[in-house]
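Undergrad: Positions -24 to -1, 1 to 101 (mature numbering (1 follows the signal peptide of the UniProt record, and there is no 0)) are the ones given, in order, by the sequence shown.
Backbone N, C-alpha and C define an ideal beta-carbon position, used for all residues, glycine too.
All of these numbers come straight from a predicted model, not from anything done at the bench.
Can you read through this structure? Questions will come right after.
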Amino acid sequence: MTTNRLAALAALLLAGCSVGPPVAAPVVPDTARAALRTALDAWKAGRPIGSLAEASPPIVAQDFDWMAGAKLDDYAVLDDGKAEDANLRVKVQLTVRPPQGSPVKKTVSYVVGTDPKLTVFRAME
């Protein structure tokens, strides 16, 4: 084979190879806000965090207060959220009742993703 043919063959073989890690799709804000409300409504209704995996569509969630057995008495979404790469960061005021205690109000942020799965994670601030 000639040098030109080898170069052309190499170019064809490399055309399908990506350079770097895959890029996540941009967040869909309306879908993210709906997933956050679904998760918080489930917590407020007393459902376990794992029940979100059976929602339609399924949601992967993480909130250490919820996982520790705290009850959610109330919540208020404080903003429409800010897109950060593939996530939406949303501020929420929670009224949380620990298993052995009185209600506590706290303002937190949730990081919500929409691709490839719906995810609702409490930000570690």
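Do V66 and A15 have their beta-carbon atoms positioned less than 7 Å apart in this structure?
TA: Result no, Cβ atoms of A15 and V66 do not sit closer than 7 Å.
Undergrad: CA-CA distance, W42 and P(-3)?
TA: Rounded to whole angstroms, W42 to P(-3) spans 32 Å at the Cα level.
Undergrad: Alpha carbons only, please: which of G26, T90, Q69 and A10 is nearest the one belonging to E60?
TA: The shortest C-alpha separation from E60 is found at T90.
Undergrad: Just to confirm the assignment, what range does the alpha helix (DSSP H) spanning D50 have?
TA: It is not in any alpha helix (DSSP H) - D50 instead sits in the beta strand (DSSP E) that spans K47 to V53.
Undergrad: Less than 7 Å between the beta carbons of L94 and P33, yes or no?
TA: Result yes, Cβ atoms of L94 and P33 sit closer than 7 Å.
Undergrad: Taking Cβ to Cβ, would you say N63 is nearer than 7 Å to V87?
TA: Yes, the pair counts as a contact, with Cβ atoms nearer than the cut-off.
Undergrad: Determine the closest residue to R98 out of V4, L70 and G77, with distance taken between C-alpha atoms.
TA: Checked all of V4, L70 and G77; the closest Cα to R98 is L70.
Undergrad: Assign D39 to one of two classes, buried (16 or more other C-beta atoms within 10 Å of its C-beta) or exposed (fewer than that).
TA: Buried is the call here.
Undergrad: Check this for me: beta carbons of L48 and W19, under 7 Å apart or not?
TA: Yes, they are a contact pair.
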